[in-house]
Structure formats: structure tokens, C-alpha cells
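Engineer: Residue numbers (our numbering), protein chains in the order written: chain R, 1 to 189; chain G, 1001 to 1189.
All C-beta atoms, glycine included, are put in the ideal place defined by N, C-alpha and C.
These numbers come from a predicted model, not from an experiment.
To start, I am sharing the structure in question, which I have written as C-alpha cells.
Protein chains: 2
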Amino acid sequence: MARWEPGTAARLQQAAMELFTSQGFERTTAAEIAAACGVTERTFFRHFTDKRDVLFRGQDEFERVFVDALDTVSPGVTPMKAVMTALRGGASWFDDERRPHSRMRQGVIDANPPLQERERHKLAGLADTLAGALRARGVPEPAATLAAQTGTTVFGVAFGQWIADGETRPLDAIADDVLRELTALTGEA
Amino acid sequence: MARWEPGTAARLQQAAMELFTSQGFERTTAAEIAAACGVTERTFFRHFTDKRDVLFRGQDEFERVFVDALDTVSPGVTPMKAVMTALRGGASWFDDERRPHSRMRQGVIDANPPLQERERHKLAGLADTLAGALRARGVPEPAATLAAQTGTTVFGVAFGQWIADGETRPLDAIADDVLRELTALTGEA
DNA sequence: CCTAATGATGACAGTCGCTGACATCAGAAT
DNA sequence: ATTCTGATGTCAGCGACTGTCATCATTAGG
């Protein structure tokens, strides 16, 4: 038997979610989250780089799903098609079982500006990662950045729809629709 | 004659730019910036909501240039064309005289992750504002958000090119080129 | 000309986010 | 049995940021 309960990080994440939900992000201290798990504030900051990070861990793994999907695409495919394949790969990570949790999580983020700022930063980081992967495939700039950013835009809009009340379609299907809409929009200009 | 030197906020911004440039963002304290202008730390935080804000003030005015340009567009124009008009309006704000200052400023931001995060947040805020203006014009969702976000993507890429070394073309011309590239990309998918 | 309202600032205490340094101690490795 | 490892506790401390009250030159009003 271990000296400490395992999964401290996961328990801290869950405690943070509950506390942020019940009393808000600003009015929840890191020490409070830690105490809820029976550890000290110092331990909290050993698991997470800052207070916002507690809701965004696992993103690295999340990014890898996108990149792995992109790597399966044969070299000749156009950048946007490659990005859309990456998106569908990432979308598969958000299966129907995950939808309720994603809804709650997004509720917390939407209610707290500092968390929105972090989320946008993470999404931008995904775009940077995808752009780098495209450049590694030989896509020149600015096409690589444009395709990657456009892809994350599509993903973000589709995700917002996916967690909307009453929505039941899978994320990848929504993303396809959103891309069609965007293609129509740019085609008009 | 005024009791205090006027333009305290502007002097704080300039002092902050110099200190961030010479010794970095993290290793510059708010008290230090304030002292460089002969005021107290408390006064610094009366002018700026937080330390990062000192480099991002004036954005509200900056956003209005975009929206004002959008408002000049006649109602029947397609969303993307309307957004591109807004972009050209915003681009006119960055005239050639402003380019050296923008280059320095971007250098500081690129060197400091916390500032990058704030910049992305501000750019996202511009997208939200534009999307709202589009909805006010009768553009439905998700077209409004897509057009607005795509527009800011184009603007961001064009801006990055505009401040690149040796670049001399005006921002609006670059933005037009970037949009053409993006249209070509989406047309392939 | 006197007086009161204004408004940017100083002074100060305090909370909280976050870090560095060192000690602790159960279990794994040797 | 001893050493090593690694997650944790403890503690001191800095810096970001806020609430509160006092100050005082300027300005508006009488």
C-alpha cells in the first residue's frame, strides 16, 4: 500500500471543479482546494503550474491526438484536408460519454474571465502545434499557419455547438458542417 | 498648471516598455515601473487593471476603428466582405509611422509568454466584438462567429508579416493577399 | 474672495498566488 | 540492512493586487 493516496492530481482537479462551480474561481484559494484533498497548498503547486492550470491539464495528451491523426495523412493531401483529418481525430477524443463533463467544465470556464483567457491560449497553442506539423510536412508559410488556425476556428465553433443544450450529433459531424459553412463564406469573398 | 504631471498613464506605458525590453517582463516589478515615473505602485494599479495591461491599453479605441469601418458597409454585402472592410479599416490604424513602435512592442510580447496569452485574449475579444456587430447586421450564427474569427486570423497573420524585417507593404495590402491565400486553401477542401 | 466639491495621488495594511530551501519518511532498489 | 527515491510537509518570503483613508492643488459656486 502506498504511503500517499494515489491520483492526487486527479482529486485536486475534481475538488477544484466543485469549488469553482459552487463559489467561483476568484473566491476559491489554492489552499482551499488543497485542503479539500487533505494536502497542503505547496503540493497543489507541485502538480499544477498555476491555479488556472488545474482545469487544463491533459491538454498535452489532447494535442497529441490531433497530431497523430495528422501524421496518418498521406503527403500529397492538401493542407486543409490534412487539418480536417486532424480535427476528426481530435473530435473522436470527445465521445458522447464525455459530453456531460465537458458541459460542466465549459460552464465554469465561461463564468470566469481568467479561465477563458487560459482556454484561448491553449487553443492557440494547438494551432501553433498543428502549424508546426504542417510545416514538417512541407507546407510553406503562411499557408501552414492559416490552415492550422482556420482548423482550430472550425473546431472551436463546432465544440461550442457540441456542448449546446439538446445537441446530440457527434462532434466530427458538426465540424464537417461548420467547415462547409466556412467554405461557403470565404467563397463569397 | 496641473498639480501632477499630465499623461501619467502614457509615461507608465513608456517606462514599462523600456524596462520590459531591458530586463524582461517577469523581472520587472510594478513598483519599479511606478518609481521610474515618480509615482507609487498603488497609482500604477489605478491606471492599469494588472501588470500585463500596461502594454495593451488603447485596445478599446483600436476595436472601435474596426467596428466603425464595419458600420459603413451597406446591409446587403456578404459577411466576409463586410469583415474584410472592417479589417482594412483597422489596418489603416497601423500606418507606416507606427511600424517601428509595433515591431518593438511585438518583440517584448514574443519574449514573454504571459504577454502572449494576454494578446491572444485581446485578439479573441476583437473577434467577439466583430461577431456581435455582424449579428446586429442580421448575420446568423454560426456564420457571424466564423466570419469574425476568420477575419481576425487573416489580420493576425497579415500583422505578423507587416512587422517582419524588411517588409514595406502596407498592412491592408498584405491582408488582401492573405485572404486570397486562405480562400485558395479552403477552396481545396 | 472665501468655501466646498473634485479627483488624482500617497500611505498602509492585508490577502493571495507562487517559489525556494530544507526536512521527513514509506517503499523500492541494492 | 542500508541507501536511494520521490511525493509530501514546513516555513520564509516576494510580488501582484485590493480596500481604505488621508492629502491637497485645482476648480466650481456663491
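Could you tell me the distance, in whole angstroms, from the CA atom of A111 of chain R to the CA atom of R105 of chain R?
Structural biologist: Here the question's residue 111 of chain R lines up with position 111 in the first sequence. Here the question's residue 105 of chain R lines up with position 105 in the first sequence. Between A111 of chain R and R105 of chain R, the C-alpha separation is close to 10 Å.
Engineer: Would you list, in sequence order, the uninterrupted beta strand (DSSP E) runs of no fewer than 3 residues that lie entirely inside the region 63 to 94 of chain R?
Structural biologist: Fully enclosed beta strand (DSSP E) runs of 3 or longer: not present.
Engineer: Could you tell me the boundaries of the alpha helix (DSSP H) in which T8 of chain R lies?
Structural biologist: As a first step, residue 8 of chain R is located in the first sequence; it is residue number 8 there, counting from the start. Its alpha helix (DSSP H) spans residues 8 to 23.
Engineer: Measure the C-alpha to C-alpha separation of G58 of chain R and A10 of chain R and round it to an integer number of angstroms.
Structural biologist: The sequence position of residue 58 of chain R within the first sequence is 58, counting from 1. The sequence position of residue 10 of chain R within the first sequence is 10, counting from 1. Spanning the two alpha carbons is a distance of roughly 10 Å.
Engineer: Strictly below 8 Å CB to CB, what residues from chain G border Q149 of chain R?
Structural biologist: As a position in the first sequence, residue 149 of chain R is number 149, starting the count at 1. Within chain G, the residues near Q149 of chain R are T1153, G1156, V1157.
Engineer: Within 8 Å of any Cβ in chain G, is that where the Cβ of L70 of chain R sits?
Structural biologist: In the first sequence, the residue the question calls residue 70 of chain R occupies position 70. Chain G, which has no Cβ nearer than 8 Å to the Cβ of L70 of chain R, makes this no.
Engineer: Ignoring anything shorter than 4 residues or poking outside the region 1091 to 1156 of chain G, list the alpha helix (DSSP H) runs there in chain order.
Structural biologist: Counting only runs of 4 or more, we get 1099 to 1110, 1113 to 1136.
Engineer: Under 8 Å by Cβ, that's how I've got A15 of chain R and A30 of chain R pegged, so tell me the actual separation to the nearest angstrom.
Structural biologist: Taking the first sequence and counting its residues from 1, the one referred to as residue 15 of chain R is at position 15. Taking the first sequence and counting its residues from 1, the one referred to as residue 30 of chain R is at position 30. Rounded, the Cβ-Cβ distance is 11 Å, inconsistent with contact.
Engineer: In chain R, which residues lie less than 9 Å from L1179 of chain G when you measure between Cβ atoms?
Structural biologist: As a first step, residue 1179 of chain G must be located in the second sequence, where it is residue number 179. What L1179 of chain G touches in chain R: T186, A189.
Engineer: So which residues of chain R does A1164 of chain G contact, with C-beta pairs closer than 9 Å?
Structural biologist: The count along the second sequence starts at 1 and reaches residue 1164 of chain G at position 164. Result: empty, since nearest Cβ-Cβ is about 11 Å, beyond 9 Å.
Engineer: For the region 1013 to 1027 of chain G and the region 1086 to 1100 of chain G, state whether three or more C-beta atom pairs, one from each stretch, are separated by less than 8 Å.
Structural biologist: no
Engineer: What's the C-alpha gap between D176 of chain R and R46 of chain R?
Structural biologist: Counting from 1 along the first sequence, the entry for residue 176 of chain R is found at position 176. Counting from 1 along the first sequence, the entry for residue 46 of chain R is found at position 46. Whole-angstrom Cα-Cα distance: 40 Å.
Engineer: Which first and last residues belong to the alpha helix (DSSP H) in which T43 of chain R is found?
Structural biologist: As a position in the first sequence, residue 43 of chain R is number 43, starting the count at 1. Unbroken alpha helix (DSSP H) run through T43 of chain R: 41 to 47.
Engineer: Return helix, strand or coil for E1061 of chain G, following the three-state DSSP convention.
Structural biologist: Here residue 1061 of chain G refers to the residue found at position 61 when the second sequence is read from its first residue. Correct three-state label for E1061 of chain G: helix.
Engineer: Measuring alpha carbon to alpha carbon, tell me which residue in G:P1075, G:V1077, G:S1092, G:T1049 is nearest F1062 of chain G.
Structural biologist: Sequence index remark: in the second sequence, residue 1062 of chain G carries index 62 (1-based). Residue G:S1092 is the option with its Cα nearest to F1062 of chain G.
Engineer: Just to confirm the assignment, what range does the alpha helix (DSSP H) spanning E1032 of chain G have?
Structural biologist: For the purposes of this step, residue 1032 of chain G is identified with residue 32 of the second sequence, where counting begins at 1. 1030 to 1036 is the extent of the alpha helix (DSSP H) around E1032 of chain G.
Engineer: Residues of chain R with a CB under 7 Å from the CB of R1120 of chain G: which are they?
Structural biologist: Residue mapping note: residue 1120 of chain G aligns to position 120 of the second sequence, counting from 1. By Cβ distance, chain R contributes R120, H121, A124.
Engineer: With C-beta atoms as the reference, is V178 of chain R less than 8 Å away from T129 of chain R?
Structural biologist: Numbered from 1 along the first sequence, position 178 holds the residue referred to as residue 178 of chain R. Numbered from 1 along the first sequence, position 129 holds the residue referred to as residue 129 of chain R. Result no, Cβ atoms of V178 of chain R and T129 of chain R do not sit closer than 8 Å.
Engineer: Helix, strand or coil for G1159 of chain G, going by three-state DSSP, please let me know.
Structural biologist: Translated into positions along the second sequence, residue 1159 of chain G becomes position 159. In the sequence as presented, Gly is not what sits at residue 1159 of chain G; that position holds Phe. Looking at F1159 of chain G - three-state DSSP - the assignment turns out to be helix.
Engineer: Take A143 of chain R as the anchor and find which of G:D1095, G:Q1013, G:A1184, G:E1041 has the nearest alpha-carbon.
Structural biologist: Your numbering for residue 143 of chain R matches position 143 in the first sequence. Of G:D1095, G:Q1013, G:A1184, G:E1041, the residue nearest in Cα terms is G:A1184.
Engineer: Using 10 angstroms around the beta-carbon of A1097 of chain G, count the other beta-carbons present and answer buried if the total reaches 16, otherwise exposed.
Structural biologist: Residue mapping note: residue 1097 of chain G aligns to position 97 of the second sequence, counting from 1. Reading the sequence as shown, one finds Glu at residue 1097 of chain G and not Ala. Under this definition E1097 of chain G is an exposed residue.
Engineer: Alpha carbon to alpha carbon, what distance is there between V1154 of chain G and E198 of chain R?
Structural biologist: In the structure as shown, chain R starts at 1 and stops at 189, and residue 198 of chain R therefore has no counterpart that could be examined.
Engineer: Going along chain G in order, which residues have a C-beta closer than 8 Å to the C-beta of K81 of chain R?
Structural biologist: Here residue 81 of chain R refers to the residue found at position 81 of the first sequence. Going along chain G in sequence order, the residues near K81 of chain R (Cβ under 8 Å) are E1188, A1189.
Engineer: Quick one: residues in its chain with C-beta nearer than 7 Å to the C-beta of Q161 of chain R, no 5 flanking neighbours on either side, listed in chain order?
Structural biologist: The sequence position of residue 161 of chain R within the first sequence is 161, counting from 1. So the list reads E167, I174, once near-sequence residues are dropped.
Engineer: Would you say P1142 of chain G lies against chain R (beta-carbon separation less than 8 Å)?
Structural biologist: The residue given as residue 1142 of chain G occupies position 142 in the second sequence. Output row for P1142 of chain G: interface = yes.
Engineer: Taking the CB atoms as reference points, tell me whether P1114 of chain G and R1052 of chain G lie closer together than 8 Å.
Structural biologist: Translated into the one-based positions of the second sequence, residue 1114 of chain G becomes position 114. Translated into the one-based positions of the second sequence, residue 1052 of chain G becomes position 52. Yes; because the gap between Cβ atoms is below 8 Å, this pair is in contact.
Engineer: In angstroms, rounded to a whole number, what distance separates the CA positions of E1018 of chain G and R1103 of chain G?
Structural biologist: Counted from its first residue, the second sequence places residue 1018 of chain G at position 18. Counted from its first residue, the second sequence places residue 1103 of chain G at position 103. When rounded, the distance between both Cα atoms is 14 Å.
Engineer: What's the C-alpha gap between L1134 of chain G and V1065 of chain G?
Structural biologist: Residue 1134 of chain G sits at position 134 when you count from the first residue of the second sequence. Residue 1065 of chain G sits at position 65 when you count from the first residue of the second sequence. C-alpha separation (whole angstroms): 15 Å.
Engineer: Closer than 8 Å, CB to CB, is L1019 of chain G near chain R or not?
Structural biologist: On the second sequence, residue 1019 of chain G is found 19 positions in, with the first residue counted as 1. In terms of beta-carbon proximity, L1019 of chain G stays away from the interface with chain R, with every pair separated by 8 Å or more.
Engineer: Counting only beta-carbon atoms, is E1026 of chain G nearer than 8 Å to chain R?
Structural biologist: Working through the second sequence from its first residue, we reach residue 1026 of chain G at position 26. So, not an interface residue.
Engineer: Name the two residues that bound the continuous alpha helix (DSSP H) containing V1178 of chain G.
Structural biologist: One-based indexing of the second sequence puts residue 1178 of chain G at position 178. Where V1178 of chain G is concerned, the enclosing alpha helix (DSSP H) stretches over 1171 to 1187.
Engineer: Output needed in chain order: residues of the region 1084 to 1098 of chain G with a Cβ under 9 Å from some Cβ in chain R.
Structural biologist: M1084
Engineer: Buried or exposed: where does G1038 of chain G fall if 16 or more other Cβ atoms within 10 Å of its Cβ makes it buried?
Structural biologist: Translated into positions along the second sequence, residue 1038 of chain G becomes position 38. It is exposed - the Cβ of G1038 of chain G has fewer than 16 other Cβ atoms within 10 Å.
Engineer: Do we get a CB-CB distance below 8 Å when we pair E1117 of chain G with the residues of chain R?
Structural biologist: Residue 1117 of chain G sits at position 117 when you count from the first residue of the second sequence. Chain R, which has a Cβ nearer than 8 Å to the Cβ of E1117 of chain G, makes this yes.
Engineer: Could you tell me whether any Cβ in chain R is nearer than 8 Å to the Cβ of T1129 of chain G?
Structural biologist: Counting from one through the second sequence, the residue named residue 1129 of chain G turns up at place 129. So, not an interface residue.
Engineer: Please tell me whether T183 of chain R has its Cβ less than 8 Å away from any Cβ of chain G.
Structural biologist: Taking the first sequence and counting its residues from 1, one reaches residue 183 of chain R at position 183. Yes, its Cβ sits closer than 8 Å to a Cβ of chain G.
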